[in-house]
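Engineer: Take a look at this one; I'll ask things after.
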Amino acid sequence: MRTISLMILTAIFLSACAVDQVSNKPIPTLLPNNKPGFGMRGIIQFTPDEAKARQEIEGIFVQACSSAIKIHSLKMEKYTGPINNGYTYAAVAECL
């Protein structure tokens, strides 16, 4: 049940972030467990290493929460462009 709630939350969040101007900017949200959190989608460029891309995403959430975080959902896809490599992602994190 909780997984379904997170999937629904992620789908709502992704549709709310359809405009490019909100890429890589955490958007405040209330998680299904009534805890404060953030949702975010975007592109991590010039980072072909998945672990480094994940760290960069977590760092953005930590700055937004001003505290420790717990990632509830993180979907990453590798892309290769004509100029750079990186990852597109969609994520939801809880502020602890």
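Counted the way mature numbering (1 follows the signal peptide of the UniProt record, and there is no 0) counts, the sequence shown spans residues -18 to -1, 1 to 78. Note that CB positions come from ideal geometry on N, CA and C, so glycine has one too. From a predicted model like this one, the values you see are computed outputs, not experimental measurements.
#1: Can Ile39 and Leu12 be called in contact, C-beta distance under 9 Å?
#2: Can you tell me which of the three DSSP states Cys(-2) falls into?
#3: Under the three-state reduction of DSSP, which class applies to Ile42: helix, strand or coil?
#4: Can you tell which of Thr62, Pro14, Gly21 and Gly63 has its C-alpha closest to the C-alpha of Ser5?
#5: How big is the Cα-Cα spacing for Thr62 and Gly68?
Structural biologist: By the coordinates alone:
#1: no
#2: Only weak support exists for where Cys(-2) lies, its pLDDT of 45 falling under 50; the coordinates are left without a value.
#3: helix
#4: Gly21
#5: 7 Å
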